[in-house]
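Report on the following structure.
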Amino acid sequence: MTANPPSDPNAGHTIRSWLLTTDHKRIAVLYLVSVTFFFLIGGAAAGLVRADLLTPEGDLLTNEGYNRAFTLHGVIMVWFFLIPSIPNVFGNFLIPLMIGARDLAFPRLNLLSWYVYVLGGLFTLIVLLVGGVDTGWTFYTPLSSMFSNGHVVLVAAAVFIVGFSSILTGLNFIVTIHKLRAPGMGWGRMPLFVWSHYATSIILVLATPVLSITLVLIAAERLFGLGIFDPASGGDPLLFQHLFWFYSHPAVYIMVLPALGVISELVAAAARKPVFGYSFVAGSSIAIAIIGFFVWGHHMFVSGQSMYASAVFSFLSLAVAVPSGIKVYNWTATLYKGNILLDPPFLFAMSFIGLFVVGGLTGIALAMLSIDVHVHDTYFVVAHFHYIMVGGTISAYFGALHFWWPKMFGRMYPLTWGRITAATIFFGFNLTFFPQFILGFLGMPRRYHVYAPEFQTLHVLSSAGSTLLGFAYLLPFVYLGYSLVAGKRASANPWGARGLEWTVPSPPPKHNFVEIPTVTGRPYDYPIDKEDSR
Amino acid sequence: MSDFIALWPQSASAYSGRLDLLMWVFTALVVALSAPVFILIAYYAWKYRAGRKADRSDRVNRNTLMEISWALIPFILIVALFVWSTRMFFTVHQPPPDAMEINVVAKQWMWKFEHAGGQREIDELHVPVGEPVRLSMASQDVIHSLYIPALRLKQDVVPGRYTSLWFEADKPGIYALACAEFCGADHSEMTGRFIVMEKPAFAAWLEQAGTDASLAAEGEKLFRDNGCSGCHGPAATVKAPDLEGLYGRPVPLADGRTVTADDQYIRDSILLPQSEIAAGYPEIMPTYKNVLSEDEVMKLVAYIKSLATPEDTP
Ligand code: HEM
Ligand SMILES: [Cu+2]
Chain A
68 MTANPPSDPN
78 AGHTIRSWLL
88 TTDHKRIAVL
98 YLVSVTFFFL
108 IGGAAAGLVR
118 ADLLTPEGDL
128 LTNEGYNRAF
138 TLHGVIMVWF
148 FLIPSIPNVF
158 GNFLIPLMIG
168 ARDLAFPRLN
178 LLSWYVYVLG
188 GLFTLIVLLV
198 GGVDTGWTFY
208 TPLSSMFSNG
218 HVVLVAAAVF
228 IVGFSSILTG
238 LNFIVTIHKL
248 RAPGMGWGRM
258 PLFVWSHYAT
268 SIILVLATPV
278 LSITLVLIAA
288 ERLFGLGIFD
298 PASGGDPLLF
308 QHLFWFYSHP
318 AVYIMVLPAL
328 GVISELVAAA
338 ARKPVFGYSF
348 VAGSSIAIAI
358 IGFFVWGHHM
368 FVSGQSMYAS
378 AVFSFLSLAV
388 AVPSGIKVYN
398 WTATLYKGNI
408 LLDPPFLFAM
418 SFIGLFVVGG
428 LTGIALAMLS
438 IDVHVHDTYF
448 VVAHFHYIMV
458 GGTISAYFGA
468 LHFWWPKMFG
478 RMYPLTWGRI
488 TAATIFFGFN
498 LTFFPQFILG
508 FLGMPRRYHV
518 YAPEFQTLHV
528 LSSAGSTLLG
538 FAYLLPFVYL
548 GYSLVAGKRA
558 SANPWGARGL
568 EWTVPSPPPK
578 HNFVEIPTVT
588 GRPYDYPIDK
598 EDSR
Chain B
85 MSDFIALWPQ
95 SASAYSGRLD
105 LLMWVFTALV
115 VALSAPVFIL
125 IAYYAWKYRA
135 GRKADRSDRV
145 NRNTLMEISW
155 ALIPFILIVA
165 LFVWSTRMFF
175 TVHQPPPDAM
185 EINVVAKQWM
195 WKFEHAGGQR
205 EIDELHVPVG
215 EPVRLSMASQ
225 DVIHSLYIPA
235 LRLKQDVVPG
245 RYTSLWFEAD
255 KPGIYALACA
265 EFCGADHSEM
275 TGRFIVMEKP
285 AFAAWLEQAG
295 TDASLAAEGE
305 KLFRDNGCSG
315 CHGPAATVKA
325 PDLEGLYGRP
335 VPLADGRTVT
345 ADDQYIRDSI
355 LLPQSEIAAG
365 YPEIMPTYKN
375 VLSEDEVMKL
385 VAYIKSLATP
395 EDTP
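Same order as they appear, the protein sequences are chains A and B.
Be aware that the first sequence starts at 68, since it is given in my numbering, and climbs by one per residue.
Be aware that the second sequence starts at 85, since it is given in my numbering, and climbs by one per residue.
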């Protein structure tokens, strides 16, 4: 392949060339920088919370300060890190490359969606500067609409705005995947990463508007006193929970489906084998996206909703575990008779699988009605969703970063450091969150600033783990940053992986493919029997 | 740190023991389902690592029978536990009719408990062993959630509607009680003590906590002081329903529906009178929304209940 032509914006280094780029690869880098920024802020808030919980008295922060810290942590991590992370960074970078296209279907819309994200982010920063908000990321009414004295309307505006960024990205992905696949790339030949982003995009487009409307309703009640959720003016507080979870339950799949796609790629590349049961794995993404719309009531088992409704939601929640289980068993089977590279991406993938299994199985425990009655709104739930979202999604995010970094920036990083980081994250994570399952089962409620002394030991363990975890998350800044300036140049395909993205130079030229490739085989066509070498 | 570290929550009822059993069985099942994944991943990663000689012939990429079996078998096992846990859940939602009633009012940031005899306590709840107790709960402001870990039970307390929780404690002792739904600044201090006593001790406690009047009697006083009796009393000149014997009866509404006059109906009639108009009566009742607090309304409900002839009560 030829060297980059001079007009290539990848060669331009002016700020302007970055801010006006419509190249999906550059937009991916813009997102990488901005989600990392919010990850650091969200992480700092978590650090405050964990430091405060070292002692039962809660003497580091005031009660209001504590409530603001965990609210901001949740809001930032969910809407400004987890939801945009894998789709907007890696989806953006990889979908066109993986399906053999020169860009997304609507390159300018793609840039617009980044600007919308940044605008939402600015609102969040303003909220932070003017004093924060104290409702929890779930904004339950009437606390948020009538009683809170934080900046609820501003933060609702931030989340409302960032929602449009999600919708635009989702639309862009759907159209791209339908229209721009290279000749020969039938649905049965798409990489699983693309399948899972397709499923994610459907949820983004269908669920996000519900959240937007709900936020508008909160603002209307707060600003104009319209009685929507507050019973004192004839509203219904549970209506809010139905609307909120109708979005937010599918939203948890927005956070995890892209991760599942990443892991399928990493496992296949590490084992040098096709993913076992390709069509089951692809189909399970779609099944999760669909069933995920019918389980929101499992967040409301003790809210006073009808017990028959609860039974139905409980059953459907168990059903959603089936496709998740299929994926895990299939990845395991993929490793059988593989030729496994123990490189950083695979170590992240292994920790993903382990932590996702624990998260999923405790999710089933929570879907069991009588168990949920005891552990709902305790640290058990906190541990469950961190196992899925931090142990799962963030491990996959780091796995993706270590796998596609050479492709994105054309440089290798020191693999040993990557391995050390993966192992430290795994250990630090378990030390932070495993004790929280026990805390929850013992009866420690979540969102507690002050707690009973008998819980202290477990809290101290958890805080110690979080220190280690925070440290491990910072390590990649050092060696990935170092690789940018002094790393060895990466070849087009440093891992010997299959997939169209590995057929172009690292980093790819502006329009990805000089000539649009024609796809003739199934994905993951690793050579059989021949001994692979790096 | 006298209690250095606890690993299992205290238990104050037979139900707790049953829930713990379910939890154990569930844990055993999930360990059985997930252990193969953990063991095999580690084993394969070692056995088939790049560069190591191993038999890699006859690799398969699909096997529909296997796919179906590892989707279905775990599902069926889990459905068995679903049936078990759902039955337990239904039990805790169906209080026995003879349960002893205690009213609960939650507000930022305290719990107020009122016994039928009028005894009142704040952030402490005394109950006897071996007797079913039903808590009827209302919130004065935001959503709270009454959580008693030793009973393995919690229930949200939602403004605008009554929720309830019932249990039968069988082990005397002092246990924790907490608010589990985030409710604002002092959420984590909305805690208290749940005190289970032997029956004689409980009777003695009720005696010494004695008050001037029972809930119903206090309700009757409110009924007079707030002018309710002006319309609903025997000497009234306006056309308003007679409340004698109302509780538990079906009430035809102006819009054609029929509802049962339960606690919620009576509460709504006092606070939101326009929402359900009894058929045949003019819409003249004023709202008491800004006049009466939730616990005053509960007393009025207790009074109106006491007017029902016993055979009519469901
Ligand atoms: C096997 C699949 C899963 C099942 C059966 C499941 C079940 C549940 C249940 C029943 C709850 C409600 C617990 C309660 O509030 O008492 C819950 C909470 C939660 N789950 Fe899952 N879950 C599963 C997977 C996931 C995934 C994939 C994610 C995210 C990527 C996730 C994220 C969450 C979050 C964020 C909450 C808590 C929300 C909050 O209250 O702040 N779960 N889960
Ligand atoms: Cu509360």
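Positions of the beta carbon are idealized from the N, C-alpha and C atoms, including for glycine.
So, helix, strand or coil for residue i, using DSSP?
i: Ala134/B; result: coil
i: Met274/B; result: coil
i: Tyr207/A; result: coil
i: Trp562/A; result: coil
i: Asp126/A; result: coil
i: Ile186/B; result: strand
i: Ile353/A; result: helix
i: Trp92/B; result: coil
i: Gln239/B; result: strand
i: Glu252/B; result: coil
i: Met194/B; result: strand
i: His516/A; result: coil
i: Glu151/B; result: helix
How would you write the range of the alpha helix (DSSP H) that residue i sits in, first residue to last?
i: Tyr259/B; result: Not the alpha helix (DSSP H): Tyr259/B falls in the beta strand (DSSP E), residues Gly257 to Cys263.
i: Asn497/A; result: Leu482 to Leu509
i: Glu288/A; result: Leu259 to Phe291
i: Ala222/B; result: That residue, Ala222/B, is in no alpha helix (DSSP H); its beta strand (DSSP E) goes Val217 to Ser223.
i: Arg308/B; result: Leu299 to Asp309
i: Val323/A; result: Pro304 to Ala338
Is residue i close to chain A? Criterion is C-beta to C-beta, closer than 8 angstroms.
i: Met85/B; result: Confidence at Met85/B is low in this model, with a pLDDT of 33, below 50, so the placement of that residue is unreliable and no value is reported for it.
i: Glu395/B; result: Low confidence applies here, because Glu395/B scores a pLDDT of 49, under 50, leaving its location unreliable; read the following figure in that light. With 8 angstroms as the cut-off, Glu395/B does not count as an interface residue toward chain A.
i: Val375/B; result: no
i: Ile157/B; result: no
i: Ile162/B; result: yes
i: Cys267/B; result: yes
i: Pro243/B; result: yes
i: Ile279/B; result: no
i: Gln239/B; result: yes
i: Ser272/B; result: yes
i: Trp154/B; result: yes
i: Asp225/B; result: yes
Against chain B, with Cβ distances strictly below 8 angstroms, would residue i count as a contact?
i: Ser381/A; result: yes
i: Glu131/A; result: yes
i: His441/A; result: yes
i: Ile438/A; result: yes
i: Tyr454/A; result: no
i: Val116/A; result: no
i: Tyr403/A; result: yes
i: Thr281/A; result: no
i: Thr587/A; result: no
Mark residue i as exposed unless 16 or more other C-beta atoms lie within 10 angstroms of its C-beta, in which case mark it buried.
i: Arg175/A; result: exposed
i: Ile143/A; result: buried
i: Asp126/A; result: exposed
i: Ser573/A; result: buried
i: Asn147/B; result: exposed
i: His199/B; result: buried
i: Gln292/B; result: exposed
At what residues does the beta strand (DSSP E) containing residue i begin and finish?
i: Ala531/A; result: Where Ala531/A is concerned, there is no enclosing beta strand (DSSP E), although the alpha helix (DSSP H) it sits in stretches over Gln523 to Ala553.
i: His228/B; result: His228 to Ile232
i: Thr570/A; result: Note, Thr570/A: premise wrong, no beta strand (DSSP E); not H, not E.
i: Thr344/B; result: Thr342 to Thr344
Exercise for the section: Name, going along the chain, the residues of the segment 406 to 430 of chain A whose beta-carbon falls closer than 7 angstroms to a beta-carbon of chain B. Expected result: Asn406, Ile407, Leu408, Leu409, Met417, Ile420, Gly421, Val424 and Leu428
Exercise for the section: Check distances from the C-beta atoms of the segment 499 to 518 of chain A to those of chain B and list, in chain order, the residues that come in under 9 angstroms. Expected result: Ile505, Phe508, Leu509, Gly510, Met511, Pro512, Arg513, Arg514, Tyr515, His516, Val517 and Tyr518
Handout entry: chain A contacts made by the segment 164 to 189 of chain B, where a contact means CB separation under 9 angstroms
Key = Leu165, Phe166, Trp168, Ser169, Thr170, Arg171, Met172, Phe173, Phe174, Thr175, Val176, His177 and Gln178
Handout entry: Near-chain A residues of the segment 133 to 147 of chain B - C-beta to any C-beta below 7 angstroms
Key = Arg133, Ala134, Arg140, Arg143, Asn145 and Arg146
Exercise for the section: With 7 angstroms as the C-beta to C-beta threshold (strictly closer), list the residues of the segment 301 to 324 of chain B near chain A in chain order. Expected result: none
Problem - Cβ-based contacts, 9 angstroms cut-off: residues of the segment 98 to 112 of chain A near chain B - result: none
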